[in-house]
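Chains as they are written, first to last, in my numbering: chain A, 1 to 112; chain B, 1 to 107. Here a beta-carbon is modelled for each residue, glycine too, at the ideal position from N, C-alpha and C.
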């Protein structure tokens, strides 16, 4: 069990650029979640997958955000036309259905 | 009103004290909650689930739910400096987290 892995750990980009983050869940976990966390706030749910199906999306997930999990294993989160307000920690978690959530260490995004 | 609310703190207590962390919830449809601990620059890690009501113990930690007041508590006995972290309460389905309470244990 290598845990949930996120890449990159840090990303600095200029406003208007596109960025993509990757999450590798624990191998036997079929659920995968994405969250956004800003300083002084708890994680805010963005979306989750069961296998390759995206089952729920938050209203926070604007049109500029898209998430995929094409083969039910790793997932990517893309942000298009980044804005300064997108600066945050993006967290990924995985679980078995109804089971404990295991979080990765996150990708810290800074939009200049 | 947010669905899960916490006082962000910081809460500072001396080593060895009993710590009480609290959370309130608004939606009675959800009866199970979780407490997470988050160290700086790390992802949250699950401490414990709550029962739908009453107390649940795990070592130095006790989680308590009062359904009548929609109040969730986490008690830490014999607090240690290594307990210094942010403590988050969340719905058991993982879809809603509180802001977290920043706890500092003074050596």
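Handout entry: Cβ separation of residue 46 of chain B and residue 36 of chain B, assumed to be a contact under 8 Å, to the nearest whole Å
Key = The residue labelled residue 46 of chain B in the question sits at position 46 within the second chain. The residue labelled residue 36 of chain B in the question sits at position 36 within the second chain. Rounded, the Cβ-Cβ distance is 6 Å, consistent with contact.
Handout entry: Start-to-end residues for the beta strand (DSSP E) that takes in residue 48 of chain A
Key = Along the first chain, read from residue 1 onward, the residue named residue 48 of chain A stands at position 48. Taken as a continuous stretch (DSSP letters only), the beta strand (DSSP E) holding residue 48 of chain A covers 44 to 50.
Handout entry: Simplified DSSP assignment, three categories, for residue 75 of chain A
Key = Position 75 of the first chain, counted from the start, is the residue given in the question as residue 75 of chain A. Residue state, collapsed to three classes: strand.
Exercise for the section: With 9 Å as the limit, tell me which residues of the segment 80 to 95 of chain A have their beta carbon closer than that to any beta carbon of chain B; keep them in chain order. Expected result: Answer set for the segment 80 to 95 of chain A: 89, 91, 92, 93 and 95.
Practice task
Give the secondary structure of residue 31 of chain B by DSSP, where H, G and I count as helix, E and B as strand, and everything else as coil.
Solution key: Here residue 31 of chain B is taken as the residue at index 31 of the second chain, counted from 1. In the three-state reduction of the DSSP assignment, residue 31 of chain B falls in the coil class.
Practice task
Give a yes or no on whether the minimum CB-CB distance between residue 44 of chain B and chain A is below 7 Å.
Solution key: The sequence position of residue 44 of chain B within the second chain is 44, counting from 1. Yes - at least one Cβ of chain A is within 7 Å of the one on residue 44 of chain B.
Practice task
Look up residue 54 of chain B in the DSSP assignment and give the residues it is bridged to.
Solution key: On the second chain, position 54 is the one that residue 54 of chain B refers to. In the DSSP output, where bridge partners are listed per residue, residue 54 of chain B has B/65.
Practice task
Could you tell me which chain B residues have their CB closer than 8 Å to the CB of residue 105 of chain A, listed as they occur along the chain?
Solution key: Mapped onto the first chain, residue 105 of chain A falls at position 105. 41, 42 and 43, listed in chain order.
Problem - Limits of the unbroken beta strand (DSSP E) element including residue 71 of chain B - result: Taking the first residue of the second chain as position 1, residue 71 of chain B is located at position 71. Note, residue 71 of chain B: beta strand (DSSP E), 71 to 76.
Handout entry: Status (buried if at least 16 other CB within 10 Å, exposed otherwise) for residue 50 of chain B
Key = Sequence index remark: in the second chain, residue 50 of chain B carries index 50 (1-based). By the Cβ-count criterion, residue 50 of chain B is buried, with 16 or more other Cβ atoms from all chains shown falling within 10 Å of its own Cβ.
Problem - Close beta carbons around residue 84 of chain B, own chain, < 7 Å, minus the five adjacent residues each side - result: As a first step, residue 84 of chain B is located in the second chain; it is residue number 84 there, counting from the start. Contacts found: 103, 104 and 105.
Problem - Touch test, the segment 90 to 102 of chain A against the segment 34 to 46 of chain A, Cβ-Cβ under 8 Å, three pairs minimum - result: In the pairwise beta carbon analysis, the segment 90 to 102 of chain A is classified as touching the segment 34 to 46 of chain A: at least three pairs are separated by under 8 Å.
Exercise for the section: Spell out a yes or no on whether the segment 13 to 20 of chain B and the segment 53 to 69 of chain A are touching, meaning 3 or more CB-CB pairs, one atom from each, closer than 8 Å. Expected result: The segment 13 to 20 of chain B makes no contact with the segment 53 to 69 of chain A, as fewer than three CB pairs between them are under 8 Å.
Practice task
Quick one: residues in its chain with C-beta nearer than 6 Å to the C-beta of residue 76 of chain A, no 5 flanking neighbours on either side, listed in chain order?
Solution key: Along the first chain, one-based indexing puts residue 76 of chain A at 76. Take residue 76 of chain A, set aside five residues on each side of it, and the residues of its chain with a beta-carbon closer than 6 Å to its own are 20, 22 and 68, in chain order.
Exercise for the section: Using alpha carbons as the reference points, say which of B/34, B/25 and B/30 lies closest to residue 71 of chain B. Expected result: Counted from its first residue, the second chain places residue 71 of chain B at position 71. Per the Cα distances, B/25.
Exercise for the section: Grab me the residues of residue 65 of chain B's own chain with a C-beta within less than 6 Å of its C-beta, minus the 5 sequence neighbours each way, in chain order. Expected result: Counted from its first residue, the second chain places residue 65 of chain B at position 65. Around residue 65 of chain B: 50, 53 and 72.
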